[in-house]
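Asks: With the first letter of the sequence shown counted as 1, position 233 gets the number 250 in our numbering; the numbers rise by one all the way through.
For every residue, glycine included, the Cβ atom is placed at its ideal position computed from N, Cα and C.
Can you keep this structure in mind? I'll have questions shortly.
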Amino acid sequence: MRSEFRLAVSVAAGVFGMFAIADYYLLGLTRAFYTLLALRVVVVSLCLLVVYLVRQGSKCDDRRWLHAIPLWVFATGIILIVPLRPESLSTQITAVVVATMAFYLLIPNRLMIVTAASLYLNIGFLVAAVLFADVAPVPTLLISLLLIMGMVVGFFALLRLEILQRKQYALLHEERDQNSQLHQEIAHRKSLEEQLRVLAERDALTKLNNRGHFMNVAKQLLQSCQADRTPFSLLMIDVDHFKHINDTWGHSYGDGVLVRIAEVCANALRPSDVIGRFGGEEFVVALPSTSAAEAEHIAERLKQRVAALVFKDGVSELTPSVTIGVATKDAEASGLEALIKRADELLYEGKRAGRDRVVVGREGLSPR
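Structure representation (structure tokens):
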């Protein structure tokens, strides 16, 4: 709106100043010409000053008087031309009608200010015509009707334009609100999808990968190792005497033990390793590109980290332990299910041997 206002006032000031050329051809270098020239210079200067002030900042948008100044200056300049050049009344009537229409059409969103300035222009011009141009009553009536027609047409044109602008503005805000609601709905759906994905992939208690998701990820890792012809190892981890923990301290206490063990194991692994809850108190770990010796070292680290945990409940104290079965296969070996079965067998061999140990084996070889 500020840009449109500055453009309209600048153009109007330029046109008003250019009429000094017509004054020169009609009046020559006379006193009347210099008076008109001074008038035009004052009008143009005041209008350009207003343009400069409006350009300085958005705070000027709320100063209605600042937008009214150029209209009243133009109106005053046009009115004063009548006593200075009464013989040009016929052309001045056209100028008043054009100026009135320009007020309404070129100044946006200022209907009441434009209406007040137009009334001042038309009434002042009519009074000046009667006083200084000796206009007869009948021509005065005709001039009045012409001026009234210009004001009415301009008023309703600007009123209709402002109504349309308000409707457009309301529709724009409605569209923005709908877009905002749509974005919120999309974000909400994405959040729900993420929650569903987490529920589908994560174990509710330990927040590790659940069995189904672990199997999918581990199969992809195994296929990658087979393609690269690198070894692939797998750990089966079982919490020793977990049934005794539940029977002695309760299932909620046992859940807390599982959660802490899951955190310790996850933090002890490499970024490329994948851990999941296999079921109950059992966990499974996929170790891509890992030999049997490296897998054994990782399993021993996990066992030591778990053994360092201490759970206290009043006067009693619990130090958990785990038994780990380690199975490793080359790229030519069978699938993931066979490796899990082998690791599970090694795990139970360790449990039968007294628990709290790591049992390492390889397909086709005896455990050690």
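Where does the unbroken alpha helix (DSSP H) through GLU191 begin, and where does it stop?
Replies: Along the sequence shown, one-based indexing puts residue 191 at 174. Counting along the chain, the alpha helix (DSSP H) containing GLU191 begins and ends at 154-218.
Asks: Express the C-alpha separation of LEU43 and PHE33 in angstroms, rounding to a whole number.
Replies: Here the question's residue 33 lines up with position 16 in the sequence shown. Here the question's residue 43 lines up with position 26 in the sequence shown. Going by the C-alpha atoms only, they are around 16 Å apart.
Asks: Which residue's Cα is closest to the Cα of VAL256: ILE160, GLU299, THR265 and VAL215?
Replies: Taking the first residue of the sequence shown as 1, we reach residue 256 at position 239. For the residues ILE160, GLU299, THR265 and VAL215, the minimum Cα distance to VAL256 belongs to GLU299.
Asks: In whole angstroms, what is the alpha-carbon distance linking PHE249 and ALA283?
Replies: Numbered from 1 along the sequence shown, position 232 holds the residue referred to as residue 249. Numbered from 1 along the sequence shown, position 266 holds the residue referred to as residue 283. So the two alpha carbons sit approximately 18 Å from each other.
Asks: Determine the contact status of ALA360 and MET253, defining contact as a CB-CB distance below 7 Å.
Replies: By 1-based counting over the sequence shown, the position of residue 360 is 343. By 1-based counting over the sequence shown, the position of residue 253 is 236. In contact: ALA360 and MET253 (Cβ atoms closer than 7 Å).
Asks: In whole angstroms, what is the alpha-carbon distance linking PRO337 and VAL276?
Replies: Here residue 337 corresponds to residue number 320 of the sequence shown, with the count starting at 1. Here residue 276 corresponds to residue number 259 of the sequence shown, with the count starting at 1. Looking at the two C-alpha atoms, the distance is approximately 12 Å.
Asks: On the three-state DSSP scale, how would you describe PRO305?
Replies: Working through the sequence shown from its first residue, we reach residue 305 at position 288. Here PRO305 sits in strand by DSSP.
Asks: Out of curiosity, what's the CA-to-CA distance linking ILE98 and VAL131?
Replies: As a first step, residue 98 is located in the sequence shown; it is residue number 81 there, counting from the start. As a first step, residue 131 is located in the sequence shown; it is residue number 114 there, counting from the start. Each residue's Cα considered, the two are about 21 Å apart.
Asks: Excluding five sequence neighbours on each side, which residues of the same chain lie with their C-beta closer than 8 Å to the C-beta of ARG372?
Replies: Along the sequence shown, one-based indexing puts residue 372 at 355. Contacts found: ASP257, HIS258, SER338 and THR340.
Asks: Can you look up VAL327 in the DSSP assignment and give me helix, strand or coil?
Replies: Sequence index remark: in the sequence shown, residue 327 carries index 310 (1-based). Coil.
Asks: Use the C-beta contact count for PRO154: other C-beta atoms within 10 angstroms, 16 or more gives buried, fewer gives exposed.
Replies: As a working mapping, residue 154 is identified with position 137 in the sequence shown. It is exposed - the Cβ of PRO154 has fewer than 16 other Cβ atoms within 10 Å.
Asks: Thinking ALA37 and ALA119 are a contact (beta carbons under 8 Å), I'd like their distance in whole angstroms, please.
Replies: The count along the sequence shown starts at 1 and reaches residue 37 at position 20. The count along the sequence shown starts at 1 and reaches residue 119 at position 102. Not quite, the Cβ-Cβ distance comes to about 19 Å (not below 8 Å), so this is no contact.
Asks: Sorted by chain position, which residues of the same chain lie with C-beta nearer than 7 Å to VAL26's C-beta, five sequence neighbours on each side aside?
Replies: As a first step, residue 26 is located in the sequence shown; it is residue number 9 there, counting from the start. Contacts found: CYS64, VAL67, VAL68 and PRO87.
Asks: Whose C-alpha, out of GLY271, ARG322 and GLY296, is nearest the C-alpha of SER228?
Replies: What you label residue 228 is simply residue 211 of the sequence shown in a count that begins at 1. Strictly speaking, residue 228 in this sequence is Arg, with Ser absent from that position. Nearest of GLY271, ARG322 and GLY296 to ARG228, Cα basis: GLY296.
Asks: Output the distance between the C-alpha atoms of ALA145 and MET35, rounded to the nearest integer angstrom.
Replies: Working through the sequence shown from its first residue, we reach residue 145 at position 128. Working through the sequence shown from its first residue, we reach residue 35 at position 18. Roughly 23 Å separates the two Cα atoms.
Asks: In terms of alpha-carbon separation, which member of ASN226, SER197 and ALA49 lies closest to ILE292?
Replies: Here residue 292 refers to the residue found at position 275 of the sequence shown. The residue with the shortest Cα to Cα distance from ILE292 is ASN226.
Asks: Decide if PRO305 is buried, meaning its Cβ has at least 16 other Cβ atoms within 10 Å, or exposed.
Replies: Indexing the sequence shown from 1 puts residue 305 at position 288. With 16 or more other Cβ atoms within 10 Å, it is buried.
Asks: Is VAL281 near VAL323, with beta carbons less than 7 Å apart?
Replies: Sequence index remark: in the sequence shown, residue 281 carries index 264 (1-based). Sequence index remark: in the sequence shown, residue 323 carries index 306 (1-based). In this structure, VAL323 lies closer than 7 Å to VAL281 by Cβ.
Asks: Hey, how far is the Cα of LEU363 from the Cα of GLU218?
Replies: Position 346 of the sequence shown holds residue 363. Position 201 of the sequence shown holds residue 218. Rounded to whole angstroms, LEU363 to GLU218 spans 27 Å at the Cα level.
Asks: For the putative contact between GLY171 and SER135, defined by C-beta atoms under 8 Å, what is the C-beta separation to the nearest angstrom?
Replies: Taking the sequence shown and counting its residues from 1, the one referred to as residue 171 is at position 154. Taking the sequence shown and counting its residues from 1, the one referred to as residue 135 is at position 118. With a Cβ gap of about 7 Å, GLY171 and SER135 count as contacting.
Asks: So which of SER333, PHE328, ALA316 and VAL327 has the shortest CA-CA distance to GLY378?
Replies: Position 361 of the sequence shown, counted from the start, is the residue given in the question as residue 378. Looking at the Cα atoms, ALA316 is the closest of the given residues.
Asks: Quick one: using the 10 Å Cβ neighbour count with 16 as the cut-off for buried, is LEU251 buried or exposed?
Replies: Mapped onto the sequence shown, residue 251 falls at position 234. Buried is the call here.
Asks: If ALA312 and THR345 are in contact, beta carbons under 8 Å, what's the gap, nearest whole angstrom?
Replies: On the sequence shown, residue 312 is found 295 positions in, with the first residue counted as 1. On the sequence shown, residue 345 is found 328 positions in, with the first residue counted as 1. Their Cβ separation, rounded to whole angstroms, is 6 Å, which keeps ALA312 and THR345 in contact under 8 Å.
Asks: From ALA309 to LYS260, what distance separates their C-alpha atoms?
Replies: One-based indexing of the sequence shown puts residue 309 at position 292. One-based indexing of the sequence shown puts residue 260 at position 243. About 30 Å.
Asks: Can you list, in chain order, the residues of its chain whose CB lies under 7 Å from that of ASN139, leaving out five sequence neighbours each side?
Replies: Residue 139 sits at position 122 when you count from the first residue of the sequence shown. Excluding residues within five positions, the ones whose Cβ falls inside 7 Å are VAL113, THR117, LEU164 and MET168.
Asks: Suppose you measure from the CA of ALA55 to the CA of THR108; what does that come to, to the nearest Å?
Replies: In the sequence shown, the residue the question calls residue 55 occupies position 38. In the sequence shown, the residue the question calls residue 108 occupies position 91. Roughly 20 Å separates the two Cα atoms.
Asks: Decide if ILE203 is buried, meaning its Cβ has at least 16 other Cβ atoms within 10 Å, or exposed.
Replies: On the sequence shown, residue 203 is found 186 positions in, with the first residue counted as 1. Exposed.
Asks: Starting from ASN226, follow its DSSP beta bridges and name the residues at the other end.
Replies: Within the sequence shown, the letter at position 209 stands for residue 226. Paired residue(s): ARG219 and GLY293.
Asks: According to DSSP, simplified to helix, strand and coil, what is LEU335?
Replies: If you number the sequence shown from 1, residue 335 lands on position 318. LEU335: strand per DSSP, three-state reduction.
Asks: Determine the burial state of ARG294: buried for a count of at least 16 other Cβ atoms within 10 Å of its Cβ, exposed for fewer.
Replies: Position 277 of the sequence shown, counted from the first residue, corresponds to residue 294. Counting Cβ neighbours within 10 Å, ARG294 comes out buried, since at least 16 surround it.
Asks: As a quick exercise: from GLU191, ALA221 and SER289, pick the residue whose alpha carbon is nearest that of LEU234.
Replies: By one-based count along the sequence shown, residue 234 stands at place 217. The identity of residue 234 in the sequence shown is Val, whereas the question assumes Leu. For the residues GLU191, ALA221 and SER289, the minimum Cα distance to VAL234 belongs to SER289.
Asks: Let me check one thing: in DSSP terms, what residues is GLU366 bridge-paired to?
Replies: Counting from one through the sequence shown, the residue named residue 366 turns up at place 349. GLU366 is not bridged to any residue.
Asks: Could one say the Cβ of VAL67 lies closer than 7 Å to chain C's Cβ atoms, at least one of them?
Replies: Judged by its chain identifiers, the structure shown contains no chain C, having just a single protein chain.
Asks: Would you mind reading off the limits of the beta strand (DSSP E) that contains ASP255?
Replies: Residue mapping note: residue 255 aligns to position 238 of the sequence shown, counting from 1. Start and end: 249-256.
Asks: Is it right to say LEU188 is buried, meaning 16 or more other beta carbons lie within 10 angstroms of its own, or is it exposed?
Replies: Sequence index remark: in the sequence shown, residue 188 carries index 171 (1-based). When all chains shown are included, LEU188 counts as exposed.
Asks: Roughly how many whole angstroms lie between the Cα atoms of PHE91 and ASP194?
Replies: Along the sequence shown, one-based indexing puts residue 91 at 74. Along the sequence shown, one-based indexing puts residue 194 at 177. So the alpha carbons of these two residues sit roughly 42 Å apart.
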